Amino acid sequence: MRAVAFYEHGPPDVLRMTEIGDPNPERGYAIIRISKTSVNRLDILTRYGYVGLKTEMPHIPGSDVSGTIEAIDEHDSSGLSEGDRVISHPLITCGLCDMCKSGREILCREWQVTGRETDGSYAELAKVRISSLVRQPKGLSAEEAASLPLSLSTAWRAVKSLSNTEDGDTIGITGASGNVGIFATMISKALGMRVLAFSRDKRREAGLKRIGADLVIDSNLGKDGIIREVMDYTDGYGVNAVIDCLGADIDTCVNIVGDGGTIVSYGTLMGSGAQIDMREIYLKSIRLVGTHVSSKSEFVDAIDFISRNGIKPVIGKVLSIRDAAEANRLLEKSEIFGKIILDMDSG
Ligand SMILES: [Zn+2]
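Structure below.
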């Protein structure tokens, strides 16, 4: 099959269009024929590599598997069959450890992510567990389905499961014009919240307002400027929750969240080192909670929620799979508002 893979860690140029043997069908697995996939920050992290990551070479990146079932384990009883259109949940769990057995698969001792530890979606075919598959809802295009797995599952768990918010609350979203931030903004709005979207890029203001941001705050204002804007908007109370992907600026999040508020951290885009004034944490009874991806059942709920609420993924650009390196470059530079889709059919 055709695939884009890297043979060594490094910059986007290490991505190469190549021919690789088809994945073999296996007990409990399905082979998915992919026509579109999309690009995530995780692809970049995996490509550069980091301490502790074990990657077999050549490695096919990409966490967003969706498409048509090409082959499926004949013993399977899921009701899915060849030709069905499906989307794959990207978290891979062992099903055997104490966490999996006690219903906490998100904390699986052996957890992996499609395209990070395993070969991923920059390919014509991908082998995924049947238990990861969700039927693609009608009314969703191939591009839209391809944009969901990693970004939607992360955003949904952060906002719906962990932010401890309700209808009428105010939520702040840092890096709001990123892949997860866009979904978090749309989900928060649909849940009835007032949304403060933070972005460093002035060009994103109109787009963020269009998808539901009530106020777009320029992250370049710096800590004091941001606190002033948030306090002005919330009558001095602060927001009920912050969804944060920046990491290093967590101190600002601590300052803008109000009494009993929650900070959900899912990234370290600005660096992983941070200093927090712990007095703010205990005097305001703040909860700080980390997350990544979601459970399978949360992913099913998320897809159902966006379908029922008419939430359409924002597609920023569609490129041929041959331009996977360029797609990675554009994402690294945050040049595109919305998902960057790779089209396997035009490769
Ligand atoms: Zn497990």
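For the sequence shown, this note's numbering begins at 2 and goes up steadily by one.
Think of the CB as a built atom: it goes at the ideal place given N, C-alpha and C, for glycine as much as any other residue.
Bear in mind that the values here come from a model prediction, so they are computed numbers and not experimental data.
Close to ligand 1, as judged by a C-beta nearer than 5 Å to any of its heavy atoms, are the residues Thr-94, Cys-95, Cys-98, Cys-101 and Cys-109, in chain order.
Taking every protein chain shown into account, the CB of Met-58 has fewer than 16 other CB atoms within 10 angstroms, so this residue is exposed. Under a 10 Å Cβ-count criterion, Ala-124 is classified as buried, with 16 or more other Cβ atoms of the shown protein chains found around its own Cβ. The straight-line gap separating the alpha-carbon atoms of Ile-257 and Met-232 is approximately 7 Å. Selection Thr-175, Gly-53, Glu-144 and Ile-33 evaluated against Ala-159 yields Thr-175 as nearest (Cα-Cα).
His-293 has no beta-bridge partner at all, per DSSP.
Considering only Leu-209, Ile-33 and Asp-14, the residue with the shortest C-alpha distance to Asp-23 is Ile-33.
At a Cβ-Cβ threshold of 7 Å, Gly-262 and Ile-282 do not count as neighbours.
By the neighbour-count criterion, in which a residue is buried when 16 or more other Cβ atoms sit within 10 angstroms of its Cβ, His-90 is buried.
For Gly-237, the closest of Met-2, Thr-171, Leu-222 and Asp-278 by C-alpha to C-alpha distance is Thr-171.
Here Leu-134 is not near Met-2, since their CB atoms are 7 Å or more apart. Considered as a whole, the segment 41-127 harbours 42-49 and 99-102 as its complete alpha helix (DSSP H) runs of no fewer than 4 residues, in chain order.
Excluding residues up to 5 positions away in sequence, Ile-212, Gly-213 and Ile-312 lie with their Cβ nearer than 6 Å to the Cβ of Met-187 in the same chain.
Rounded to whole angstroms, Phe-300 and Glu-83 show a C-alpha spacing of 22 Å.
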